[in-house]
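For the sequence shown, UniProt numbering assigns the number 1 to the initial residue and increments by one for each residue that follows.
Cβ atoms here follow ideal geometry from the backbone N, Cα and C, with glycine treated the same way.
Since the structure comes first, as C-alpha cells, the remarks are kept for the end.
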Amino acid sequence: MHELLAPKHVRLGESTHVRRLLPNLGRRMVGAWAFVDHYGPDDIADEPGMQVAPHPHMGLQTVSWLHDGEVLHRDSLGSLRTIRPRELGLMTSGRAISHSEESPRPHPRLLHGAQLWVALPDAHRHVDPHFEHHPDLPLVTAPGLTATVILGELDGARSPGTTYSPLVGADLTLARGTRTSLPLDPDFEYAVLSMSGEVHVDGVPVLPGSMLYLGCGRTELPLRAESDAGLMLLGGEPFEERIVMWWNFIGRSQADIEEARNDWTEGTRFGEVHGYAGDRLPAPALPPVALKPRGRVR
Numbered sequence: 001m002h003e004l005l006a007p008k009h010v011r012l013g014e015s016t017h018v019r020r021l022l023p024n025l026g027r028r029m030v031g032a033w034a035f036v037d038h039y040g041p042d043d044i045a046d047e048p049g050m051q052v053a054p055h056p057h058m059g060l061q062t063v064s065w066l067h068d069g070e071v072l073h074r075d076s077l078g079s080l081r082t083i084r085p086r087e088l089g090l091m092t093s094g095r096a097i098s099h100s101e102e103s104p105r106p107h108p109r110l111l112h113g114a115q116l117w118v119a120l121p122d123a124h125r126h127v128d129p130h131f132e133h134h135p136d137l138p139l140v141t142a143p144g145l146t147a148t149v150i151l152g153e154l155d156g157a158r159s160p161g162t163t164y165s166p167l168v169g170a171d172l173t174l175a176r177g178t179r180t181s182l183p184l185d186p187d188f189e190y191a192v193l194s195m196s197g198e199v200h201v202d203g204v205p206v207l208p209g210s211m212l213y214l215g216c217g218r219t220e221l222p223l224r225a226e227s228d229a230g231l232m233l234l235g236g237e238p239f240e241e242r243i244v245m246w247w248n249f250i251g252r253s254q255a256d257i258e259e260a261r262n263d264w265t266e267g268t269r270f271g272e273v274h275g276y277a278g279d280r281l282p283a284p285a286l287p288p289v290a291l292k293p294r295g296r297v298r
C-alpha cells in the first residue's frame with residue numbers, strides 16, 4: 001500500500017509557517033501518532049523565529065524534534081529546557097498541562113524540525129503530567145544510513161522516552177547514493193515523512209514536506225537516496241480507540257473537550273507557565289456542530 005499525503009499549510013504563532021501532515025483528509029492517525037507538523041528550513045536570522053504562547057494540552061504526548069535551530073520549552077510544571085537538534089523533548093500531558101515554545105535569544109540562523117503528538121490510550125490518558133529531555137538517543141547504523149530512535153524500538157535499539165502504546169519514531173539520515181533497508185514489525189502500520197533531500201521509499205519518490213503512508217504487514221523498508229536526505233519513520237500498532245481531537249486536546253467525547261476548554265478559559269486545572277513574556281493563547285470558539293468520536297481510517 002502506498003498513500004501519499006499532501007500537507008496543509010498552517011500558520012503557527014506569530015511567524016512560523018508549518019506543513020500539517022496529520023490529521024489529514026485521507027488519514028487521521030498512524031498507530032498512536034495523531035498529529036504531525038513539519039516546519040522549515042527557515043532563515044530566522046533577522047526574525048523572532050518560533051513564538052508559541054502558553055497553551056494547554058490534554059490526553060496526549062508532544063514530541064519536539066529538530067534538525068536545525070533551538071527551541072526553548074517552558075511548562076506549568078516549572079520545566080525550562082532548550083531543545084537542540086536530535087535531542088528528544090517529550091511532554092506527557094496526562095489530564096492537563098500547559099507550555100510555551102519559543103526560539104531563544106540569540107538563536108541559530110536556521111530553524112527546521114517537526115512537532116508531533118501521540119494519543120494516550122484511555123487507560124493512561126489521566127496519568128500525571130511530566131516532561132522528559134533525552135539528549136542522547138540510541139542509533140542504528142548501516143553503510144550510508146544513521147537512524148536515531150526517538151521513541152519505541154527499532155532493530156533492537158530502544159529509546160529511553162516513555163511510551164504508553166506499541167509504537168516507533170525514528171529519524172533517518174541517508175547519504176547520497178545509499179540503497180538500504182530497515183526491518184519493520186508487520187503488526188505495525190507505518191508512514192515516512194520526508195524532511196529533506198531526494199529519496200525513494202519502497203520505490204516511491206517522497207518530496208520534502210510530504211508523507212507516504214505504507215499500511216501494515218511490512219517486514220522491511222526499502223530506501224534509495226538520490227541526494228543526502230533526512231526522513232522520519234513513524235509507526236505503531238493500529239490505534240483502535242475512537243477519539244475526539246479539537247484544538248490542543250484529545251478526549252473521548254464532546255463533554256471532555258468542553259470541560260477542558262472551560263477549565264483553560266477559567267484558569268483552572270492547566271496551571272501557569274512562568275517566565276514567558278506575553279499573554280497565553282485564548283481558546284477558540286467551539287464549532288457549531290457536534291464533535292464526534294472518530295476511529296482510524298482502514
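Does DSSP classify residue i as helix, strand or coil?
{"i": "I150", "result": "strand"}
{"i": "W117", "result": "strand"}
{"i": "H124", "result": "helix"}
{"i": "M29", "result": "coil"}
{"i": "S64", "result": "strand"}
{"i": "H130", "result": "strand"}
{"i": "A142", "result": "strand"}
{"i": "F249", "result": "strand"}
{"i": "G169", "result": "strand"}
{"i": "S100", "result": "strand"}
{"i": "G156", "result": "coil"}
{"i": "H2", "result": "coil"}
{"i": "residue 300", "result": "Because the chain in this structure spans residues 1 to 298, residue 300 falls outside the shown range and cannot be described."}
{"i": "G278", "result": "coil"}
{"i": "L291", "result": "coil"}
{"i": "V273", "result": "coil"}
{"i": "P56", "result": "strand"}
{"i": "L137", "result": "coil"}
{"i": "L286", "result": "coil"}
How far does the beta strand (DSSP E) with residue i in it extend, from its first residue to its last?
{"i": "A225", "result": "220-225"}
{"i": "H38", "result": "33-43"}
{"i": "L80", "result": "80-83"}
{"i": "M245", "result": "244-246"}
{"i": "M50", "result": "From DSSP, M50 is part of no beta strand (DSSP E); its letter is neither H nor E."}
{"i": "P205", "result": "204-206"}
{"i": "G89", "result": "88-92"}
{"i": "H200", "result": "199-201"}
Please look up how many angstroms separate the CB atoms of residue i and residue j, rounded, as I've assumed it's under 8 angstroms.
{"i": "L233", "j": "V204", "result": "Contact flag wrong, Cβ pair sits at about 14 angstroms."}
{"i": "A170", "j": "T141", "result": "Not a contact, Cβ separation roughly 12 angstroms."}
{"i": "M50", "j": "E101", "result": "6 angstroms"}
{"i": "M211", "j": "V36", "result": "7 angstroms"}
{"i": "S93", "j": "P129", "result": "6 angstroms"}
{"i": "I83", "j": "S64", "result": "5 angstroms"}
{"i": "V118", "j": "L167", "result": "7 angstroms"}
{"i": "E220", "j": "L182", "result": "7 angstroms"}
{"i": "E189", "j": "G152", "result": "Contact doesn't hold; Cβ gap of about 13 angstroms is too wide."}
{"i": "R294", "j": "R28", "result": "6 angstroms"}
{"i": "A260", "j": "P56", "result": "7 angstroms"}
{"i": "S103", "j": "F270", "result": "The pair is not a contact, with the Cβ atoms about 23 angstroms apart (cut-off 8 angstroms)."}
When DSSP builds the beta bridges, which residues end up paired with residue i?
{"i": "G229", "result": "It is Ala, not Gly, that sits at residue 229 in the sequence shown. Answer is L174."}
{"i": "H17", "result": "R11"}
{"i": "L193", "result": "M211, M232"}
{"i": "P183", "result": "E220"}
{"i": "D75", "result": "H99"}
{"i": "P106", "result": "For P106, which the question treats as bridged, DSSP gives no partner whatsoever."}
{"i": "L111", "result": "D42"}
In the DSSP assignment, find the unbroken alpha helix (DSSP H) run with residue i in it and report its ends.
{"i": "I257", "result": "254-266"}
Are at least three pairs of beta-carbons, each pair with one atom in the stretch 169-183 and one in the stretch 214-230, less than 8 angstroms apart?
As far as the Cβ criterion goes, the stretch 169-183 touches the stretch 214-230, which means the pair count is three or higher.
Is the stretch 242-260 touching the stretch 285-294, taking contact as three or more C-beta pairs under 8 angstroms?
Counting Cβ pairs under 8 angstroms, three or more are found: they touch.
Pairs of beta-carbons, one from the stretch 243-250 and one from the stretch 67-77, closer than 8 angstroms: are there three or more?
Because the criterion of three Cβ pairs below 8 angstroms is not met, the stretch 243-250 and the stretch 67-77 do not touch.
Any chance the stretch 264-273 sits against the stretch 193-200, with 3 or more Cβ pairs inside 8 angstroms?
Short answer: they don't touch.
Within the chosen definition, does the stretch 26-46 reach the stretch 208-224 through at least 3 CB pairs nearer than 8 angstroms?
At 8 angstroms Cβ cutoff, the stretches touch.
Hey, is the stretch 107-118 in contact with the stretch 155-162, meaning 3+ C-beta pairs nearer than 8 angstroms?
With a cut-off of 8 angstroms, the stretch 155-162 and the stretch 107-118 do not count as touching, because too few Cβ pairs lie within range.
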